[in-house]
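Numbering (the working numbering), first residue to last: 554 to 673.
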């Protein structure tokens, strides 16, 4: 029984020390964020602080998601434009004019000359 009480007393002391550390850390956090509580009751300060903190985190999360979606759309659009540009370059058909010095050109020229001579 004595060991149980001793163990409980030690654990209680540890919990009290942890609580004191948390209170000190909370005060440091309040000072860091320049938080001024509205009430004089210290037990209400965490509710006030975390009420503001929750709304800030919610707004930040929403803005972050929108920013990430915007960035993703920009990246997608950039990749799509790059792909379309490559496809256009790939599918571009370059037509070369027939050279008048080739065999077909000479034969066509002879035919036209002979047809002109025959018609005149």
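Beta carbons are placed, not taken as given, at the ideal position from N, Cα and C, and that holds for glycine.
Check: Collapsed DSSP secondary structure at residue 676 in the structure displayed; Outcome: Coverage of the chain is limited to positions 554 through 673, which leaves residue 676 absent and any answer about it impossible.
Check: Cβ contact check for the region 571-588 and the region 597-605: 3 or more pairs under 8 angstroms; Outcome: yes
Check: Length of the line joining the Cα atoms of residue 578 and residue 612; Outcome: 25 angstroms
Check: Alpha-carbon to alpha-carbon, residue 573 and residue 558; Outcome: 22 angstroms
Check: Beta carbon of residue 609 nearer than 7 angstroms to that of residue 588; Outcome: no
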